[in-house]
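Here's the structure we're looking at; comments come further down.
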Amino acid sequence: MNEFHPTLLWAIPLLPLLGCLINMVAAFGAPERKTIPTLVGPSVVGIAFVIAVVNFVGMLGADLHAPVVERYFQWIAVGSLQIDAALQLDQLSIVMTLIITGVGFLIHVFSIGYMKADPGYARYFSYLNLFVFFMLVLVLGSSYPLMFVGWEGVGLCSYLLIGFWFKDREKADAGKKAFIVNRIGDVGFLIAMFMLFSNLGTLDFIPIFETAPATFAYGGAVVTAITLFFFIGAVGKSAQIPLYVWLPDAMAGPTPVSALIHAATMVTAGVYLVARSSVLFALAPVSQITVAGIGALTALFAATIGLVQTDIKKVLAYSTVSQLGYMFIGVGVGAFAAGIFHLMTHAFFKALLFLGSGAVIHAMHEALHHTHSHADAQDMRNMGGLKKYMPVTWVTMWIGTLAIAGIWPFAGFFSKDEIIWMAAAHAVGPFETWFRVVWVIALIAALLTAFYMTRLMVMTFHGENRTGERERGYLREVPPVMWVPLVVLAVLSVVGGWINVPEAIGHMPILGWIPHSEWLHEWLHPLTETADGIMLQNAGELAEQAPLGGGAGMWAAISFALATAVVVITASTLGRRRFLPADQAETPTGFLGVLYNKWYVDEIYDAIVVRPVLALSRFFARYIDRGVIDGLANGAGYASRAFGWVNSRVQTGLVNGYAFMIVLGALLLLAFMLG
Amino acid sequence: MITQSLWLSAILFGLGVAGVVFRRNAIILFMCIELMLNAVNLAFVAISRSVGIDGQVFVFFVMAVAAAEAAVGLAIVISVFRHTESVDTRDFNLLRW
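Residue numbers (my numbering), protein chains in the order written: chain A, 168 to 842; chain B, 36 to 132.
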């Protein structure tokens, strides 16, 4: 085993930044020319991916235990606070970098086709490159402040891209909503950083994770507070209850943006944050059960909303919220590798599903455009039977659906099953009962996932076509620049799970022909071993059996069988049902109506947060600002003007008057001097 | 003699002050200022009899400066007259509030 030296590590984030600048110049200089953005936009991300692969191969061949940190220059130096602009390459950040640049590259390529008719083409690629830059800073930064730079940067890019078509009021508002809701979480992140610094005197990852186990007591109040504040940040960024409301609205942006930012990368930053801080979270069992509990609630809650949505992107948005909940279950129960594993497979199949929905919307839009129809191109009730017109999209999206539903041997089966199993296995220690609840919720949500995804596929691709007589003639498959990324992602959605096949499944009949590897688990082991050690020492050994009995293999088989059953039953029942186009369909009532209206959460937030804040602002504006503040400012003006007016009476303009004043003054002076 | 001279000087000065304060004609104002200056000159001369020659020297300075002042002042009055067609100080009120 040889020494590892990173290759061109600095170029990985800087290339997308360069691409952003070039595209920005293009956007200002020649917005109607598309050559430069088409060449530069995807290729900078592609080159960054190649460099990441080179580094990854180097890491595979080296005896790498400690993270490699490259320092470039001192960024902040205030008293004892020293922060360098430094990049940290380790097993976790390389996995994230490969996902971001790899999936990011495919989505950039897809965007060439999706955005080709858009007047903001160069601007779009400029934002997208900037996003990749900030996302790479987020995962490669070697300290919390640097991570925060990326954290805020991706938030900015998310805002810019959600509101990309800012002339539409609703879309601009969605961008604002995402930005504001994220600010709430960012406050938590900041407070956690302050507390870390005041307790440990540093914000660099390596010294923090070395000193934390000795400094903080297991389950102590300080480390619990720090991790809970970090989790508030993660809740905002990763759209968990109660701050998930911005993500469904974020679908206002272009669909590739939804795939890249709001499914594959940015929203997983919270999961990355928890996994990166694994040592701190392992020290705080209260935070761990909070993370897992919020994750489980979100997974179930978002899945119930996804059951009845009719907008194809909204279904996928709630599905993303739900899957992020799974990742938090993973990192919450202490199975950090499982959380990152699901993050990776989810990046594959959810990017695939979003790009597939983008292809569908693109085709629908073109068809509706030809006949000048104003029907909703994203409403699944207007689709149906598209498999005849878009075979490639149909097949690849089914692969994505089977992957997310947890059907063996697709990627989602391995990652989701591992999380569910880990929730059961970690049901030891002080919060045993709660972890069991998490496990049950995770099982139920998995079945809901299988249902709503199958429903999406049936409504979109199967049954009769409901687009309309004339529109039907214009429906056709998207160009290769759009379907090739779909195929690549479909392949990844199939094989992506095989890098981490658990031992229990590897020994089973039929399911076991894929060699069990647990590769990702071992790969991330140097980063998680401290956390694993803390949990082993304090919470005890992992359980061998699920709460209801049975080992990992048995429950894997059960969840596989249940998911398959749900997919088959849903497909056959809904396949026979006749759906009505959107303009003829009735809105659901009763409990389904509550789900259709997303549990009225937006309305509740509107009533208890937005309106009071607006009312308070109005009060402050009218009485405090206009009355007191403006009153003081105007009062000062009026007072000096009045004073001036009184004194100006003396300036009579009569020379004699002035002379009289001089005489009076002289007499006074004289009296003073003599007296 | 000094006492009487100083009294005369004081009376002349007072007349000058009263003229400056109460008269409206700019030319008369100037004459009153001259009156005050000369009242002071008289006081200088009277006191110099007992104190020394310095006061008399001062008188020459005052006369020279008074002549210069009269030249400048009259020039101002003439140019103001070109604007307002008047030497009444009540008409010189452009800079009032």
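Using N, Cα and C, we set each Cβ at its ideal position, and we do this for glycine too. Note that the structure is a prediction, hence the values are computed from the model and not measured.
Point to revise | Length of the line joining the Cα atoms of residue 307/A and residue 366/A | key: 24 Å
Practice item. Could you tell me which of 504/A, 405/A, 616/A and 624/A sits nearest to residue 692/A, measuring between CA atoms? Key: With distances taken between Cα atoms, residue 692/A lies closest to 504/A.
Practice item. May I ask you to report which of helix, strand or coil DSSP gives residue 238/A? Key: strand
Check your understanding: Hey, residue 818/A and residue 131/B are a contact pair by Cβ (cut 8 Å); roughly how many whole angstroms apart?
Key -> 6 Å
Review point. If you run the structure through DSSP and keep just helix, strand and coil, what is residue 559/A?
Key: Residue state, collapsed to three classes: helix.
Check your understanding: Does any residue of chain B bring its CB to less than 7 Å from the CB of residue 801/A?
Key -> no
Practice item. Would you identify the three-state DSSP class for residue 247/A, choosing helix, strand or coil? Key: coil
Practice item. With DSSP collapsed to three states, give me the class of residue 713/A. Key: coil
Review point. Do you know how far the Cα of residue 207/A is from the Cα of residue 354/A?
Key: 36 Å
Check your understanding: Touch check for the region 642-660 of chain A and the region 594-609 of chain A: three-plus C-beta pairs under 8 Å?
Key -> no
Practice item. Could you tell me which residues DSSP pairs with residue 255/A in its beta bridges? Key: 236/A
**Study point:** Beta-carbon neighbours of residue 52/B, restricted to chain A and to distances below 7 Å
**Key:** Within chain A, the residues near residue 52/B are 830.
Check your understanding: How long is the line joining the alpha carbons of residue 830/A and residue 51/B, rounded to whole angstroms?
Key -> C-alpha separation (whole angstroms): 11 Å.
Check your understanding: At a CB-CB cut-off below 8 Å, which residues of chain B make contact with residue 342/A?
Key -> Those do not exist, as residue 342/A stays about 55 Å from chain B at its closest Cβ, beyond 8 Å.
Check your understanding: Sorted by chain position, which residues of the same chain lie with C-beta nearer than 7 Å to residue 583/A's C-beta, five sequence neighbours on each side aside?
Key -> 493, 509, 573 and 613
Review point. What residues are listed by DSSP as bridge partners for residue 123/B?
Key: 60/B
Point to revise | Under 8 Å (Cβ pairs) to chain A, residues found in the region 43-73 of chain B | key: 52, 55, 56, 57, 58, 59, 61 and 64
Point to revise | Positions along the region 116-128 of chain B whose CB lies within less than 8 Å of some CB in chain A | key: 124, 125, 127 and 128
Point to revise | Enclosing alpha helix (DSSP H) for residue 825/A [first to last residue] | key: 822-841
Point to revise | Assigned secondary structure, residue 78/B (DSSP; H/G/I helix, E/B strand, else coil) | key: Taken through DSSP and simplified to helix, strand or coil, residue 78/B comes out as helix.
Review point. Residues in its own chain within less than 8 Å of residue 755/A by CB, not counting five upstream and five downstream?
Key: 475, 762 and 763, listed in sequence order.
Review point. So residue 548/A and residue 748/A are in contact, right, with Cβ under 8 Å, and what is the actual spacing, rounded?
Key: About 6 Å; that satisfies the 8 Å criterion.
Practice item. Please confirm if residue 131/B has its CB atom under 7 Å from at least one CB of chain A. Key: yes
Check your understanding: Would you say residue 246/A faces chain B, with C-beta separation under 7 Å as the test?
Key -> no
**Study point:** Between the CA atoms of residue 282/A and residue 168/A - distance to the nearest angstrom
**Key:** Note that residue 168/A scores a pLDDT of 46, beneath 50, so its modelled location is shaky; the value from the coordinates is reported in the next line. Using only the alpha carbons, I get a separation of about 47 Å.
Point to revise | Interfacial residues, the region 810-829 of chain A to chain B, with Cβ spacing under 7 Å | key: 815, 818, 819, 820, 821, 822, 823, 826 and 827
Check your understanding: residue 714/A: beta carbon under 6 Å from a heavy atom of the ligand NAP?
Key -> The ligand NAP is absent from the structure shown, which contains no ligands of any kind.
Practice item. Tell me where the alpha helix (DSSP H) around residue 665/A begins and ends. Key: Element bounds for residue 665/A: n/a, residue is neither H nor E.
Check your understanding: In chain order, what residues of the same chain lie with their CB nearer than 7 Å to the CB of residue 729/A, ignoring the 5 residues before and after it?
Key -> 614
Review point. Can the beta-carbon of residue 406/A be found closer than 7 Å to that of residue 414/A?
Key: yes
**Study point:** Distance between beta carbons of residue 551/A and residue 633/A, contact taken as under 8 Å
**Key:** 4 Å
Check your understanding: Per DSSP, what kind of secondary structure is residue 760/A in: helix, strand or coil?
Key -> helix
Point to revise | Limits of the unbroken alpha helix (DSSP H) element including residue 288/A | key: 288-307
Point to revise | Bridge partners - residue 310/A, DSSP secondary structure assignment | key: According to DSSP, which records beta bridges pairwise, residue 310/A is partnered with 371/A.
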